[in-house]
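With our numbering, the residue at position 6 of the sequence shown is 109, and numbering never jumps. Working notes for the structure below.
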Amino acid sequence: MREVAIVGAKTTEFGELWEKSLRDIVVEAGVGAIEDAGISGEDIDMMYVGNMSGGKFIEQEHLGALIADYSGLAKGLNVPSTRVEAACASGGLALRQAIQAVASGYSNVAIAAGAEKMTDIDGSGVTDALAAAADREWEGIQGATFPGIYAMIAKLHMAQYGTTSEQLAAVAVKNHENGMNNPIAQFKSKLTIEQVLKSIMVSDPLHILDCSPVSDGAAAVIVVPADEAHKYTDTPIYIKASAQASDTIALHDRRDITTLDASVAAGKRAYEMAGLTPKDINFVEVHDCFTIAEICAIEDLGFFEKGKGGPASLAGETALNAKISVNPSGGLKSTGHPVGATGVKQAVEAVHQLRGEAGKRQVNGAKYGMTHNVGGSGATAVVHIFSNER
104 MREVAIVGAK TTEFGELWEK SLRDIVVEAG VGAIEDAGIS GEDIDMMYVG NMSGGKFIEQ
164 EHLGALIADY SGLAKGLNVP STRVEAACAS GGLALRQAIQ AVASGYSNVA IAAGAEKMTD
224 IDGSGVTDAL AAAADREWEG IQGATFPGIY AMIAKLHMAQ YGTTSEQLAA VAVKNHENGM
284 NNPIAQFKSK LTIEQVLKSI MVSDPLHILD CSPVSDGAAA VIVVPADEAH KYTDTPIYIK
344 ASAQASDTIA LHDRRDITTL DASVAAGKRA YEMAGLTPKD INFVEVHDCF TIAEICAIED
404 LGFFEKGKGG PASLAGETAL NAKISVNPSG GLKSTGHPVG ATGVKQAVEA VHQLRGEAGK
464 RQVNGAKYGM THNVGGSGAT AVVHIFSNER
């Protein structure tokens, strides 16, 4: 297996992009990544596109072919393009497929993209589309939506470990603080704990400001063999680990719903592959679809003991350049969560951080970064570790 590096990266703005179509934003991200890498479309020999639910959000399937077509990679070039679906982990899994293709030798220059256009349908349609990432027969048909599912996780975490609503709110406050310095973020507004706690209750104990938003957006990275990376850029970012794990799709079959076992397993595999421990990681982009999800993630990935993630968040230990910089981009909560794009956006943030290009949200002396992308309520987890040193 060959070592692999990222040599180009680009993310569109995230938000309600009503004036742009899915194909527009994917092309924008893809062209940006190609330009960042200093290559042309003729250099690309494989494409993976992460997308959760184009069929429901925009009534368009066959997205691999569509994106290849509108990216100029189909006619004449005939680049193979594959749509990858793993619910909200679609982007992270698309990146993993591109890494494996290059590492195995099947590809020399692969592009991994992720995109979702969620705001072209009404709220009830979005809720129904997202509910398909849970167990439709055992959860969705009973009326369970993701706010309700994560509320159950939060309730049990509170009962077992004493986690409080103030600790949940601290996650949102910190992520908005980081997102204020991210030019692509959907929300750049400052929050207070009081504002979070006084916002509308969605599913007890989760308020509306504990939830990530509905978003449009796309992201893309260019992946090449590490031995050839300096042909394209002076600042390649090396993939030190790529790991994936699965768990039961429904909560009622889990060993413990306050621990996402897929996150634990993928994290352990990534640390082992990279020869690192949680203490070596300078920053981590975790899947904070809800504030409780970030608290579970920082525990499951080994940054804090089980039950200590809430107090650590309230104490500021996850703030920028604190004990561990968690979601320096602003996370899903502030940056936005176009579900198919999130996993690739996290990788783009890792590239910016490790290149020292993150501006006011820069993590000082960053050498190792991690991304953590989750599908559903934890049935799929994808973890990557990146470094600016080979």
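Backbone N, C-alpha and C define an ideal beta-carbon position, used for all residues, glycine too.
Reduced DSSP secondary structure (H/G/I, E/B, other) of residue i
i    : result
D319 : strand
S124 : coil
G405 : coil
I342 : strand
F160 : helix
E188 : coil
G410 : coil
Y335 : coil
Y173 : helix
C392 : coil
G118 : strand
A288 : coil
A108 : strand
Euclidean distance between Cα positions of residue i and residue j
i    : j    : result
V326 : Y173 : 20 Å
F117 : G412 : 28 Å
V274 : I303 : 17 Å
S193 : L169 : 17 Å
H189 : Y335 : The question names His, but residue 189 is Ala in the sequence shown. When rounded, the distance between both Cα atoms is 31 Å.
A101 : Q298 : Nothing about residue 101 can be reported from this structure: the residues present for the chain run from 104 to 493 only.
P316 : M261 : 24 Å
Bridge partner(s) assigned by DSSP for residue i
i    : result
L309 : S306
K220 : D319
G153 : V187, G217
N476 : V485
K113 : A323
Q347 : V485
Y209 : DSSP, once it has assigned bridges, lists no residue as partnering Y209.
C399 : C399 pairs with nothing; no bridge assigned.
Y471 : S490
Chain C within 8 Å of residue i, Cβ atoms only
i    : result
K426 : Looking for chain C here will not work: only one protein chain is present.
Cβ contact (3+ pairs, closer than 8 Å) linking the region 108-117 and the region 445-455: Three or more beta-carbon pairs drawn from the region 108-117 and the region 445-455 are found closer than 8 Å, and the two stretches are therefore classed as touching.
Sufficient close CB pairs (3 or more, under 8 Å) joining the region 373-390 to the region 471-480: They touch, by the three-pair rule.
Every unbroken beta strand (DSSP E) inside the region 212-271 [3 residues or more]: 213-220
Meets three-Cβ-pair contact criterion under 8 Å: the region 330-342 and the region 362-376: no
Touching by the beta-carbon criterion (3+ pairs, under 8 Å), the region 178-194 and the region 116-133: no
Inter-stretch contact (C-beta, 8 Å, three-pair minimum) for the region 339-350 and the region 143-160: Too few Cβ pairs lie closer than 8 Å, so no.
Touching by the beta-carbon criterion (3+ pairs, under 8 Å), the region 308-316 and the region 268-284: Short answer: they touch.
Contact between the region 429-442 and the region 281-301 (3+ Cβ pairs under 8 Å): Because the criterion of three Cβ pairs below 8 Å is met, the region 429-442 and the region 281-301 touch.
The region 151-160 touching the region 440-447, judged by at least three CB pairs closer than 8 Å: yes
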